[in-house]
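Enquirer:
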Amino acid sequence: MKIKFLACAAALALAGCQTPAPQSVADSQRPPSNAVRREYVDALRGTIKPGNFVKTEISSVVLLDPEKQIYAYCTRTTERAYPNWSYIGLGLQHNMILYLKKDDYRCHDRRLRYYDFPELRNMKY
144 MKIKFLACAA
154 ALALAGCQTP
164 APQSVADSQR
174 PPSNAVRREY
184 VDALRGTIKP
194 GNFVKTEISS
204 VVLLDPEKQI
214 YAYCTRTTER
224 AYPNWSYIGL
234 GLQHNMILYL
244 KKDDYRCHDR
254 RLRYYDFPEL
264 RNMKY
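At position 57 of the sequence shown the residue is numbered 200 (my numbering), and the sequence of numbers has no breaks.
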């Protein structure tokens, strides 16, 4: 029992170290363009089994760093075998992917708007 309490306390302490995105980033939200949606689906084509996702959503695109023109967005999906949301965060600069991070903590920000993403759910090879 004591070990479980310490593990929970450590997890909460670590979660507290991750600061939320500044309000200016949240205010920069724009719905994802058709090009962003298409590029994401094209990038995953052939790497996952079509029809695997039950629910799919894509977030607004936000401006993370105005000076460097770095944008970011997230996707969240549920699968038949795994009904909980899985998150992926992506960073873009000059239309090139800078990073792709599974379970990016920023994707959990309640201010981030998500939209249905049927293009991914209905993806074909």
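Backbone N, C-alpha and C fix where the C-beta goes; we use that ideal spot for every residue, glycine too.
All of these numbers come straight from a predicted model, not from anything done at the bench.
Determine the extent of the alpha helix (DSSP H) in which V179 is found, giving its start and end residues.
Expert: Residues N177 to L187.
Enquirer: What separation, rounded to the nearest whole angstrom, lies between the Cα atoms of K147 and I191?
Expert: With a pLDDT of 34 at K147, under the threshold of 50, the modelled position of this residue cannot be trusted; read the value that follows with caution. Going by the C-alpha atoms only, they are around 36 Å apart.
Enquirer: Cβ atoms of I213 and Y258: under 9 Å apart, would you say?
Expert: No, these two residues do not count as a Cβ contact at 9 Å.
Enquirer: Report buried or exposed for P226, applying the criterion of at least 16 other Cβ atoms within 10 angstroms of its Cβ.
Expert: Under this definition P226 is an exposed residue.
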